[in-house]
Amino acid sequence: MSADKKVVLVTGGTGLVGHAIQTIVQQEKRDDEEWIFVGSKDADLSDRDQTKALFNKYRPTHVVHLAAMVGGLFHNISHNLDFLRKNIHINDNVLQTSFEAGVVKVVSCLSTCIFPDKTTYPIDETMIHLGPPHPSNFGYSYAKRLIDVSNRAYHEQYGCLFTSVVPCNVFGPHDNFSMQSSHVIPALIRKLHDAIERGKLGSPEKTVFTVLGTGRPLRQFIYSLDLAKLFIWVLREYNSVDPIILSVDEKDEVSISTVAENIAQAFDFHGEIQYDSTQADGQFKKTASNAKLRSYMPDFQFTPFQQAVNDTVQWFKHNYNTARK
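Counting in the UniProt record's numbering, the sequence shown tops out at residue 325, every number present.
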């Protein structure tokens, strides 16, 4: 291996974003980078000794830190302490071991849930610490916020280039399509797929696609392969410890009803879409500004939402038996 070759270790590399990054780097086929994707089977990163052993094995020069203890809303509500402690251990082990191993750069993944519950919109990178996060997942949120605090402290004390990104809602191939713990797009894809399959056993014209809530809330969604390209750009080109939001433009925010209609179109479903307004909508919007990203990459082209939904639906249909669900 040449002395100037990057060795990039991707923690949490077997999930949605890790798979997307792997797809992009395989398409690029660069000779000056070696990418290593690891998951929970390779090491328990909440254990210091296992973390050090992983770094000793692969000797990375750069790290993309995606690994985290994650869960759905209700699991977070009842296990905030577990999410806080586990993620603090994971993040501290990865950053401290990176420092000890002389890693040149670490890019960690945060989440828009870290922003204050009470805020103004659009949210931007300066607002992360301006109030408590939503009480439902404060353990996870504070653990993620502490990555930003740690990045600044490592830079101030040792000059380390540890930084972080804050993506909006991500979806795409290799997502989690579980009805219990998935996010809205994979959950709706799974729900409509199952409804169509049940309809084939009865009267197809009676198949109904039921969406929980009114369908009015607004969200920004980024296709996982677009996020992967931006993650790789951050690793190679973005040289600040300050976090950067990776999101589609504000104008590309869509309602949940638009999401449902796009999914129906991808399935060529012409049945009825019903909205169960007895179910909670959650937060009406979480609009994020990507002005900082656009100042660096004004011409970046995001995949059109309908195309991204189509590609995700086709991937799910072709990989139904092995997809996470």
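We put the beta carbon where it would ideally sit given N, CA and C, even for glycine.
Apart from the 5 residues on each side of it in sequence, Leu218 sits with its Cβ closer than 6 Å to the Cβ of Glu253, Ser255, Lys285 in its chain, given in chain order. The Cβ atoms of Ala195 and Phe209 lie closer than 8 Å to each other. Taking the Cα of Cys168 as reference, the smallest distance to any Cα among Leu146, Thr207, Cys160, Ile123 is reached at Ile123. Restricted to the stretch 240 to 278, the beta strand (DSSP E) segments that are unbroken, complete and at least 3 residues in length are 244 to 246, 272 to 276, listed in chain order.
According to DSSP, Arg324 shares a beta bridge with Asn176. Below 8 Å, enough C-beta pairs join the stretch 139 to 149 and the stretch 70 to 85 to call them touching: three or more. Setting aside the 5 residues that flank it on each side, Asn151 is surrounded in the same chain by Phe162, Thr163, Ser164, Val241, each with a C-beta closer than 7 Å to its C-beta; the list follows chain order. Here His62 is bridged, per DSSP, to Val8, Lys105. Of His19, Lys6, Val8, Leu9, the smallest CA-CA separation from Arg324 is found for His19. Judged by beta-carbon spacing, Pro243 lies beyond the 8 Å limit of Ile90, meaning their Cβ atoms are not closer than that value.
Shown here for Cys160: same chain residues with a beta carbon closer than 7 Å to its own, the five before and five after excluded, namely Phe99, Tyr154 in chain order. Across the structure, Asp4 and Lys229 are spaced so that their CA atoms are roughly 22 Å apart. Going by DSSP, Pro167 is part of the beta strand (DSSP E) stretching over 161 to 167.
In this structure, the CA atom of Glu34 is about 48 Å from the CA atom of Gly271. In its chain, beyond the 5 residues on either side, Gly215 have a beta carbon closer than 6 Å to the beta carbon of Ser257. Within a 10 Å sphere around the beta-carbon of Gln220 sit 16 or more other beta-carbons, which makes this residue buried.
Taking all protein chains shown into account, Glu28 has fewer than 16 neighbouring C-beta atoms within 10 Å of its C-beta and is therefore exposed. Residue burial annotation: Gly13 is buried, with at least 16 other C-beta atoms found within 10 angstroms of its C-beta. DSSP, reduced to helix, strand and coil, places Arg152 within a helical segment of the structure shown. Leu54 places its beta carbon less than 8 Å from that of Val38. Here the C-alpha atom of Ala260 lies approximately 23 Å from the C-alpha atom of Cys113.
Collapsing the DSSP output to three states places Arg219 in a strand.
DSSP, read as helix, strand or coil, puts Leu45 in coil.
The residue among Ile245, Tyr275, Asp281, Phe267 with its C-alpha nearest the C-alpha of Tyr296 is Ile245.
If you draw a straight line from the Cα of Val211 to the Cα of Gln265, it comes to about 15 Å. Ser182 sits buried, since 16 or more C-beta atoms from the chains shown fall within 10 Å of its C-beta. Pairing Gln314 with Ile21, the inter-Cα distance amounts to about 19 Å.
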